[in-house]
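**Q** Numbering (this note's numbering), first residue to last: 1 to 261.
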């Protein structure tokens, strides 16, 4: 007979495992993809184990942990770090899965030698963000991974070359949304920044330019238009781009679009 009733949620992991008909979901962010054996604390009927059986099961758990290979332990640590960065940066689950897939490719290609786990996980996450157009800068990722930006940038270049990754260019408009939301700018200012960006694209002055710098410069000019007094230094701090870069970009945009303050 086919049971078409809803799957039971359960209120704990033990309840779920006892009541579920399908088991937990598999995931690339789990070192074993969620397919390992779990030695529980109760028997198949949910009853408590005898002291003798508990002792035997504890020994089994110990040997199970010792039998895990070094690579398995490394993956476990790496994905723990990845999930921590996910929380810090607010990264969607599908992007984290993509990052885990990239890291597994790095490990399989034996690119981990001479490079830190934190740097490679961070590079994998940045690459996944680029592939899915999730606006996070190298500085954002480096800070969350507690590593130096130059090391992240170096290892990112290596995995792009070795794995043959083709990363999409960021959509500059996504950074306009991110920066304006973080700085609580007026909606009118945000719309004007989008308009400035479109005009820059028509004039073909955005190709090959840093998308974050373009977004920050567009927002700065839009702030001036709407009388929101925010310094270029503040935009530099928020965007992770130097104020000199933003200043040069502002001058180019104003001259090209003939914007007069």
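Each residue gets a CB set at the ideal place from its N, CA and C atoms; glycine is no exception. Note that the structure is a prediction, hence the values are computed from the model and not measured.
Starting from the Cα of residue 114, find the closest Cα among 154, 255, 231, 102 and give me that residue.
**A** One-based indexing of the chain shown puts residue 114 at position 114. Of the listed residues, the one whose Cα sits closest to residue 114 is 154.
**Q** Please go through the same chain and pick out, in chain order, the residues whose beta-carbon is closer than 6 Å to the beta-carbon of residue 218, but skip the five residues on each side of it.
**A** Along the chain shown, read from residue 1 onward, the residue named residue 218 stands at position 218. Counting only Cβ-Cβ distances below 6 Å, and skipping sequence neighbours, we find 193, 196, 197.
**Q** Could you compute how far the alpha carbon of residue 188 sits from the alpha carbon of residue 79?
**A** As a first step, residue 188 must be located in the chain shown, where it is residue number 188. As a first step, residue 79 must be located in the chain shown, where it is residue number 79. The straight-line gap from Cα to Cα measures roughly 41 Å.
**Q** Going by beta carbon distance, what residues of the same chain come within less than 7 Å of residue 148, once the five residues before and after it are set aside?
**A** Start at 1 with the first residue of the chain shown, and residue 148 comes out as number 148. Result list for residue 148: 142, in chain order.
**Q** For the structure I just gave you, are there three or more beta carbon pairs, one from the region 76-96 and one from the region 105-121, closer than 8 Å?
**A** Touching, yes, given that three or more Cβ pairs across the two stretches are closer than 8 Å.
**Q** Could you check whether the Cβ of residue 201 sits closer than 8 Å to any Cβ belonging to chain D?
**A** Although the question refers to chain D, the structure presented lacks it and comprises just one protein chain.
**Q** If we count the other Cβ atoms within 10 Å of its Cβ and call it buried at 16 or more, is residue 3 buried or exposed?
**A** What you label residue 3 is simply residue 3 of the chain shown in a count that begins at 1. A caution first: residue 3 carries a pLDDT of 49, below 50, which makes its placement in the model unreliable, though a value can still be read off. Exposed.
**Q** Over what stretch of residues does the alpha helix (DSSP H) that includes residue 95 continue unbroken?
**A** Locating residue 95 in the chain shown gives position 95, counting from the first residue. 93-108 is the span of the alpha helix (DSSP H), which, as asked, contains residue 95.
**Q** Would you call residue 53 buried or exposed, if buried means 16 or more other Cβ atoms sit within 10 Å of its Cβ?
**A** Counted from its first residue, the chain shown places residue 53 at position 53. With fewer than 16 other Cβ atoms within 10 Å, it is exposed.
**Q** Rounded to a whole number of angstroms, what is the C-alpha to C-alpha distance between residue 220 and residue 180?
**A** Here the question's residue 220 lines up with position 220 in the chain shown. Here the question's residue 180 lines up with position 180 in the chain shown. Distance between the alpha carbons of residue 220 and residue 180 is about 10 Å.
**Q** Give me the residue from 204, 233, 232, 170 with the minimum Cα distance to residue 266.
**A** This structure cannot speak to residue 266, because the chain is shown only from 1 to 261.
**Q** Give the DSSP-derived three-state secondary structure of residue 117 in the structure shown.
**A** In the chain shown, residue 117 corresponds to position 117, counting from 1. Residue 117 falls in the helix class under three-state DSSP.
**Q** Residues in its own chain within less than 8 Å of residue 199 by CB, not counting five upstream and five downstream?
**A** Taking the first residue of the chain shown as position 1, residue 199 is located at position 199. Closer than 8 Å at Cβ, skipping near neighbours: 257.
**Q** Please report the residue range of the alpha helix (DSSP H) in which residue 182 lies.
**A** What you label residue 182 is simply residue 182 of the chain shown in a count that begins at 1. Unbroken alpha helix (DSSP H) run through residue 182: 172-182.
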